[in-house]
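Undergrad:
Number of protein chains: 2
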Amino acid sequence: MVCQSRIKCVWTGSFGIAGSLRLLGKSEIVEFNLTSKYYWIMKTDNTIHLISRIHEKANIFLIGKLRGLGMNELAPSHGDILAALFKRNEVTMTEIATLIHRDRSTVTQLVRKLERKGYVFSKENASDRRSSFVCLTEKGKSLEPFFKQVTKDLYTRAYSGMTDEEISRFQQLVGKIYHNMD
Amino acid sequence: MVCQSRIKCVWTGSFGIAGSLRLLGKSEIVEFNLTSKYYWIMKTDNTIHLISRIHEKANIFLIGKLRGLGMNELAPSHGDILAALFKRNEVTMTEIATLIHRDRSTVTQLVRKLERKGYVFSKENASDRRSSFVCLTEKGKSLEPFFKQVTKDLYTRAYSGMTDEEISRFQQLVGKIYHNMD
DNA sequence: CATAAATACTTTGATATCAAACTATAATTA
DNA sequence: TAATTATAGTTTGATATCAAAGTATTTATG
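So the protein lines, in turn, are chains W and G. Position in the first sequence (from 1) plus 746 gives the number in my numbering. Position in the second sequence (from 1) plus 746 gives the number in my numbering.
1) Assign residue 911 of chain W to one of two classes, buried (16 or more other C-beta atoms within 10 Å of its C-beta) or exposed (fewer than that).
2) Below 9 Å on C-beta distance, what does residue 916 of chain G contact in chain W?
3) Output the boundary residues of the alpha helix (DSSP H) element that contains residue 856 of chain G.
4) So, helix, strand or coil for residue 914 of chain G, using DSSP?
5) Kindly indicate which residue of G:837, G:816, G:812, G:834 has the alpha-carbon position closest to the one of residue 825 of chain G.
6) Which two residues bound the contiguous alpha helix (DSSP H) that contains residue 893 of chain G?
7) Use the C-beta contact count for residue 834 of chain G: other C-beta atoms within 10 angstroms, 16 or more gives buried, fewer gives exposed.
8) Within 10 angstroms of the Cβ of residue 886 of chain G, are there 16 or more other Cβ atoms? Answer buried if so, exposed if not.
9) Under the assumption that residue 828 of chain G contacts residue 893 of chain G (Cβ atoms under 8 Å), give the Cβ distance between them as a whole number of angstroms.
10) For residue 823 of chain W, does the count of other Cβ atoms within 10 angstroms reach 16, so buried, or fall short, so exposed?
11) May I ask you to report which of helix, strand or coil DSSP gives residue 877 of chain W?
12) DSSP has residue 867 of chain W in a bridge; who is on the other side?
13) Taking the straight line between their C-alpha atoms, what separation do you get for residue 854 of chain W and residue 839 of chain W?
14) Can you name the start and end residues of the alpha helix (DSSP H) that residue 841 of chain G belongs to?
15) Please look up how many angstroms separate the CB atoms of residue 865 of chain G and residue 845 of chain G, rounded, as I've assumed it's under 8 Å.
16) Would you decide whether residue 869 of chain G is buried or exposed? Buried here means 16 or more other CB atoms lie within 10 Å of its CB.
17) Using the Cβ count rule (16 or more neighbours within 10 Å means buried), how would you classify residue 798 of chain G?
18) Please name the residue, chosen from W:875, W:819, W:848, that lies closest to residue 862 of chain W on a Cα-to-Cα basis.
19) If we ignore side chains and look at the alpha-carbon of each, how far apart do residue 787 of chain W and residue 920 of chain W end up?
20) Does any CB atom of chain W fall closer than 8 Å to the CB of residue 926 of chain G?
21) Could you check whether the stretch 891-907 of chain G touches the stretch 898-913 of chain W, counting it as contact only if at least three pairs of C-beta atoms, one from each stretch, sit closer than 8 Å?
22) Output, in chain order, the set of chain G residues within a Cβ distance shorter than 7 Å of residue 836 of chain W.
23) Please determine, among W:878, W:916, W:918, W:917, the residue with the shortest C-alpha to C-alpha distance to residue 842 of chain W.
Written out as structure tokens, the structure reads:
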């Protein structure tokens, strides 16, 4: 039997063609029947598509930075794992999976690669022999300043030209929508 | 030689561990040296991570809707292609790739599947025999009302409990950041 | 006009990803 | 205590995805 849900994580468009089609001369994408005076706002809304694009652009940005450091072989989720390990010395596979929102079987592969590249190593868990801890090597630890700088650069770019009020308002509104989608 | 950039589209975390780690008792993720009185806002910023999560949640939402319609076999980007075709009768492979922000070789596979499932068909382009047009079948066309409804549902959920002013402000700010990342 | 360059698309190879099935260990329950 | 259930992790199989190389056709250039 074929499993269908495995495609979950590769949905990137959210049916979000509105923005691009607008460039081609089309604008209407969703017809809302709202009685709000702002109904027209949603009528041509492509915000979720833009969010998807921002996400992809952020990834491209970060990959470019990794490449600049010669870490060409690492994928974004490898970076997520390292970022998690900067905060905690020992993390189990399941904890990593929860933190980076990936399947445990995916984490198996990701950690294996990080091990192969010398960024992390495994340590046995004496109190539960089913699990083991993933830890940073010195090579892995040495990446932390770089990661902090790159993250700072990312936000600096994202917020370029925005006032403090705009930034804080945006964070607030993103939080609301995140909560709505949760 | 191994190609490194192919991982572009699967970056979903944007080093965004802050939000999750906060749940585990950690909050600081990025240290900014801003002189702004709002520097603390960015100091614990995980907005881009939240954006990634919203994107993923939107995908999960849409996949659930597709599944409810028995379209289990279709991936998100297939939906993007259909959404594009609802707006234009004939679209070339390259145009689709541009619209959905995917590689042309990826689009080849996606369209092939849509053809196999009977949603689209190919028509030869008389004026340029290198390319061909992708068109909706009747089965494909019949999906449009459903897609509109699902998109409406998605936005309704995302904006739940938000005022018109908040929605319009959010759209404005998302637009700014999108532009910054472009 | 003939050759070179550009464009449209496909094929090939690699990787991140998920789900389902599997193994091993721990926890619970009868 | 024995049997069942739950949990941690891996393996297997499938798919979306990209890059690079390849084919075919069109456009540009000499």
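Think of the CB as a built atom: it goes at the ideal place given N, C-alpha and C, for glycine as much as any other residue. As the structure is a computational prediction, the values presented were derived from the model and not from experiment.
TA: From the atom records:
1) exposed
2) 793, 915, 916, 919, 920, 922, 923
3) 850-862
4) helix
5) G:812
6) 890-904
7) buried
8) Buried is the call here.
9) In this structure residue 828 of chain G is in contact with residue 893 of chain G, their Cβ atoms being roughly 7 Å apart against a cut-off of 8 Å.
10) buried
11) coil
12) Paired residue(s): W:881.
13) 7 Å
14) Per DSSP, residue 841 of chain G belongs to the alpha helix (DSSP H) from 839-846.
15) Going by Cβ atoms, the distance from residue 865 of chain G to residue 845 of chain G rounds to 16 Å, so no, they are not a contact pair.
16) exposed
17) In summary, residue 798 of chain G is buried, with 16 or more beta-carbon neighbours lying within 10 Å of its beta-carbon over all protein chains present.
18) Selection W:875, W:819, W:848 evaluated against residue 862 of chain W yields W:819 as nearest (Cα-Cα).
19) Only weak support is given to the placement of residue 787 of chain W: the predicted model assigns it a pLDDT of 49, under 50, and the question is left unresolved by the model.
20) yes
21) no
22) Chain G residues near residue 836 of chain W: none, gap ~13 Å exceeds 7 Å.
23) W:878
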